[in-house]
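Scroll down for the structure; my scribbles are underneath it.
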Amino acid sequence: MGDLALDTGVTGENGDYAIDLSRDWEIWGPNGGYVASIALRAAGAHSRFDRPASIVGHFLGVATFERPLEIRVDTLRAAKRAESSRVSLFQGDNPVFEALVWAVGDVAGLEHDVTVYPAKPDPETLPTVAERIGDEDDDNPYHRFWSNFDERVPDEDWIGDWQNRPPRDPEFGHWYRFVPTSTFDDPWVDACRSLVLVDTLGWPAAGQKHPRNNYIAPSIDIACAFHRAAPAEPWLYARASSPSAADGLIGCESRVWSRGGTLLAHGTSQLLCRPMPQSP
Numbered sequence: 005m006g007d008l009a010l011d012t013g014v015t016g017e018n019g020d021y022a023i024d025l026s027r028d029w030e031i032w033g034p035n036g037g038y039v040a041s042i043a044l045r046a047a048g049a050h051s052r053f054d055r056p057a058s059i060v061g062h063f064l065g066v067a068t069f070e071r072p073l074e075i076r077v078d079t080l081r082a083a084k085r086a087e088s089s090r091v092s093l094f095q096g097d098n099p100v101f102e103a104l105v106w107a108v109g110d111v112a113g114l115e116h117d118v119t120v121y122p123a124k125p126d127p128e129t130l131p132t133v134a135e136r137i138g139d140e141d142d143d144n145p146y147h148r149f150w151s152n153f154d155e156r157v158p159d160e161d162w163i164g165d166w167q168n169r170p171p172r173d174p175e176f177g178h179w180y181r182f183v184p185t186s187t188f189d190d191p192w193v194d195a196c197r198s199l200v201l202v203d204t205l206g207w208p209a210a211g212q213k214h215p216r217n218n219y220i221a222p223s224i225d226i227a228c229a230f231h232r233a234a235p236a237e238p239w240l241y242a243r244a245s246s247p248s249a250a251d252g253l254i255g256c257e258s259r260v261w262s263r264g265g266t267l268l269a270h271g272t273s274q275l276l277c278r279p280m281p282q283s284p
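The numbering used here puts the first residue of the sequence shown at 5, with every later residue one more than the last.
Structural data, given as structure tokens:
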């Protein structure tokens, strides 16, 4: 398993940064939320503010684990209370990810939260996914990625026979606790917890509607707004839905709550369908 803070931490200064990608976040290549989190951490290293407000990004290429990821951060707007940065991730001549990030300082304003928090059992009362399925194949990239979480599924949402499941509404919501480290004092790392989940869960949501399909659907873009922080709360409830899919594109929406029903982040992503690669 990986460590979110260590595996997204960049080195460098003055807008030029780099990082070696960790295979613990491999799923169809480096997970999109992991790549976006690296961009967010780079923006945090460059910014004079310590609170991320939002990120909007395009996935331009699939990175390789064999060479460092290079990062360039440029300040586009530096105001009294907020700062906008452009973050470019690349490997040699190959662009990987391009993002715009807003950061803010100490600001006060209107407050409300009218989102509907799904009532779910407390995560500690539920078995882990590993306990339900007994998957210990550490050489499986799918297993390696999901081993970064302690994932708990409410009984009403658990599908025991995944291969023979019937079509369901395109929604997906589970409890998640990052492991081995679950909470982070750094607000930029804390925001990465939500960003990874917002990017990742769209495809599982769409897959509920289309069991046993022959496609993969990597993200081509991501947008995530960070509303509040819960750095002391290890458990996050994340729920995604896919309200529309057509002509090779899948639209997804995701929300992340802390235990107790506080909305931490919400986001959208667009996925691009392509045929599943044939096994050698």
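We treat Cβ as the ideally placed atom computed from N, Cα and C, and that holds for glycine.
**Asked** Relative to the alpha-carbon of D154, which residue among R76, I59, R181, S89 has its alpha-carbon at the smallest distance?
**Response** R181
To test your reading of the DSSP string, which unbroken beta strand (DSSP E) runs of 3 or more residues are found completely within the segment 64 to 142?
73 to 82, 86 to 95, 98 to 108
If G61 sits next to A107, beta carbons under 8 Å apart, how far is it from one beta carbon to the other, in whole angstroms?
Actually they are not in contact, since the Cβ atoms of G61 and A107 sit about 15 Å apart, beyond 8 Å.
Exercise for the section: With a 10 Å radius around its C-beta and 16 neighbouring C-beta atoms as the bar for buried, classify R52 as buried or exposed. Expected result: exposed
For R216, which of helix, strand or coil comes out of DSSP? coil
- Item | Simplified DSSP state of L25, which is helix, strand or coil | coil
Q: Rank D28, E17, L8, E30 by C-alpha distance to the C-alpha of S41 and give the top, closest one.
A: L8
Nearest to F101 by CA position, among W179, D225, P158, is which residue? D225
Next on the checklist: Buried or exposed, going by whether 16 or more other CB atoms sit within 10 Å of the CB of P174?
Outcome noted: buried
(Q) For W192 and T12, what's the separation of their Cα atoms in angstroms? (A) 10 Å
- State whether the segment 155 to 169 contacts the segment 13 to 27, with contact taken as three or more CB pairs (one from each stretch) at a distance under 8 Å. no
| request: Select from C196, A221, W162 the residue whose C-alpha is nearest the C-alpha of S186. | output: C196
Under a Cβ-count criterion, where at least 16 other Cβ atoms within 10 Å of its own Cβ denotes burial, should F63 be classed as buried or exposed? buried
- request: Specify, as a first and last residue, the run of the beta strand (DSSP E) that H231 falls within.
  value: First-last for H231: undefined, no H or E at that position.
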